[in-house]
Amino acid sequence: MAVDFTENKVGIISLGIAALQALISWFLGFWAGKKLQSNDKWILVWLFYDLLTHFTLEGPFVYVSLTGTVEDSKNPVAMIWREYGKADSRWLHSDPNILSVEIITVILGFLNIALVYAICQDKYYRHFLQIILCITELYGEIGGGNWRTRRKKP
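Sequential numbering of the sequence shown, starting at 1, is according to full-length UniProt numbering.
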């Protein structure tokens, strides 16, 4: 029995992007943290993964949403967000709540860069930045509605 992958094309592409981001993050985390302890290296891997997600997936979402809608866009990243929009249509139509939270998370994504620097240079403000970044990530989850995303009924 042959498997038809055309229906799952977006899922396969999404997993490929996530795997590539994970590989790049692993490389960057261990390269930037070569003199750090193992747990700090893994924190750097997570921070680089988070940074890549903000700038390669969420940043284009904000751009597409500010210049039109995800549903009508020809942008390749919009294909992924259209799939997400099957569960919650607010992601398709530039919902102000979703967009405002995503704008904030993309802008605050620069905190990842500052935190990577603080960890690598053993700066005194490292833990303060970590707390701020964790709070903004929670804000993105709660404020963006991810915790209450509703599935459309068939």
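Heads up, the beta-carbon is just placed ideally off N, CA and C, and yes, glycines get one too.
Quiz item: According to DSSP, is W147 helix, strand or coil?
Solution: In the sequence shown, counting from the first residue as 1, residue 147 sits at position 147. Because the pLDDT of W147 is 49, which lies under 50, any placement of that residue in the model is unreliable, and the number read from its coordinates should be weighed accordingly. Reduced to three states, the DSSP call for W147 is helix.
Quiz item: Would the beta-carbon of E102 fall within 8 Å of that of F61?
Solution: Residue numbering aside, residue 102 sits at position 102 when the sequence shown is read from its first letter. Residue numbering aside, residue 61 sits at position 61 when the sequence shown is read from its first letter. Yes.
Quiz item: What span of residues does the alpha helix (DSSP H) with L44 cover, start to end?
Solution: Here residue 44 corresponds to residue number 44 of the sequence shown, with the count starting at 1. Taken as a continuous stretch (DSSP letters only), the alpha helix (DSSP H) holding L44 covers S38 to T53.
Quiz item: If you draw a straight line from the alpha carbon of L36 to that of G16, how long is it in whole angstroms?
Solution: By one-based count along the sequence shown, residue 36 stands at place 36. By one-based count along the sequence shown, residue 16 stands at place 16. Looking at the two C-alpha atoms, the distance is approximately 29 Å.
Practice problem: Could you say which of V106, E137 and L129 lies nearest to V116 if we only look at CA atoms? | Solution: Taking the sequence shown and counting its residues from 1, one reaches residue 116 at position 116. Of all alpha-carbon atoms in V106, E137 and L129, the one lying nearest the alpha-carbon of V116 is that of L129.
Quiz prompt | Cβ-based neighbour list, V26, same chain, cut-off 7 Å, excluding 5 preceding and 5 following | solution = Translated into the one-based positions of the sequence shown, residue 26 becomes position 26. Going by the sequence as given, residue 26 is Trp instead of Val. Cβ within range, chain order: V45.
Quiz item: Does the beta-carbon of L111 have 16 or more other beta-carbons within 10 angstroms, so that it is buried, or is it exposed?
Solution: Here the question's residue 111 lines up with position 111 in the sequence shown. Buried is the call here.
Quiz prompt | For L51 and K34, the rounded distance between their alpha carbons | solution = Here residue 34 is taken as the residue at index 34 of the sequence shown, counted from 1. Here residue 51 is taken as the residue at index 51 of the sequence shown, counted from 1. Straight-line Cα distance between these residues: approximately 19 Å.
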